[in-house]
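The block underneath contains the structure these notes are about, expressed in structure tokens.
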Amino acid sequence: MKIAIGCDHAGFGLKEEIIPLLRGMQAEILDCGTDGVQSVDYPDFGQKVSQLVSSGGAERGILICGTGIGMSMVANKFPGVRASLCNDLFTARMSRLHNDANILVMGGRVIGKDLAAEIVKTWLATAFEGARHLRRLDKIKKIEEDLNTHGMQ
Ligand code: RB5
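Its first residue numbered 50, the sequence shown is counted upward by one per residue in the working numbering.
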């Protein structure tokens with residue numbers, strides 16, 4: 050699986066912990082930075098990962114900032130992106146089962162590396178349930194398409 054990963058300075062430490070875990074899972078990793086702890090702006094890195102997922106250049110994305118909130122806001126601007134902020138295992142599992150989330154967002158200042166590793170493993174291993182949840186995702190897609198075509202009515 051091709052996975053794009055990105056972070057800001059507040060998520061850098063966690064990104065460095067997660068990349069070896071992904072390598073161990075035979076994932077193809079597209080590391081979109083940032084590459085250190087010097088202060089950067091999370092939208093720049095959220096955009097890189099979200100564009101890859103939105104265009105099909107990556108199947109999944111992982112984004113990390115301090116809380117995960119800013120990265121979630123950025124990612125969900127992109128067509129077809131379903132980014133979910135998961136700082137716990139239950140949410141990580143449900144975001145796949147019910148929401149078919151294609152970008153996992155975590156807060157590097159909220160959770161530690163061991164929990165983050167479990168969240169990533171759960172999120173990657175859980176399949177979308179489909180059925181009634183697909184109908185709901187289709188409605189999200191329709192909202193996105195209508196807004197693009199007609200703007201706010
Ligand atoms: C950076 O200080 C912080 O604001 C950022 O990492 C993130 O938490 C924003 O939502």
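Ideal Cβ positions, reconstructed from N, Cα and C, are used throughout, including at glycine. Computed from a predicted structure; not experimentally measured.
C-alpha distance - residue i paired with residue j, whole-angstrom precision
i: residue 175; j: residue 76; result: 15 Å
i: residue 85; j: residue 97; result: 17 Å
i: residue 166; j: residue 189; result: 29 Å
i: residue 83; j: residue 194; result: 32 Å
i: residue 147; j: residue 54; result: 23 Å
i: residue 56; j: residue 131; result: 17 Å
i: residue 183; j: residue 162; result: 32 Å
i: residue 133; j: residue 177; result: 14 Å
i: residue 62; j: residue 78; result: 17 Å
i: residue 199; j: residue 90; result: 31 Å
Option nearest residue i by Cα separation, candidates the options
i: residue 191; options: 157, 177, 159 and 129; result: 129
i: residue 140; options: 123, 127, 162 and 169; result: 169
i: residue 102; options: 91, 115 and 81; result: 81
i: residue 164; options: 123, 95 and 67; result: 67
i: residue 151; options: 180, 107, 137 and 181; result: 107
i: residue 143; options: 171, 50, 184 and 90; result: 171
i: residue 58; options: 138, 181 and 120; result: 120
i: residue 100; options: 91, 116 and 126; result: 126
i: residue 180; options: 197, 198 and 149; result: 149
i: residue 95; options: 87, 69 and 124; result: 124
i: residue 227; options: 50, 198 and 202; result: Only positions 50 to 202 of the chain appear in the structure, and residue 227 is not among them; the question remains open.
i: residue 88; options: 72, 115 and 105; result: 115
Distance between beta carbons of residue j and residue i, contact taken as under 8 Å
i: residue 111; j: residue 52; result: 6 Å
i: residue 64; j: residue 113; result: 6 Å
i: residue 39; j: residue 122; result: Residue 39 falls outside the range modelled here, since the chain spans only 50 to 202, and no answer is possible.
i: residue 74; j: residue 186; result: Their Cβ separation, rounded to whole angstroms, is 25 Å, which puts residue 74 and residue 186 out of contact at 8 Å.
Continuous alpha helix (DSSP H) assignments of at least 4 residues falling wholly in the segment 98 to 161
With a minimum length of 4 residues, the continuous alpha helix (DSSP H) runs that stay inside the segment 98 to 161 are 118 to 124 and 138 to 146.
Ranges of the alpha helix (DSSP H) found wholly within the segment 160 to 194, counting only runs of at least 4
Taken in chain order, the complete alpha helix (DSSP H) segments of 4 or more residues contained in the segment 160 to 194 are 162 to 174.
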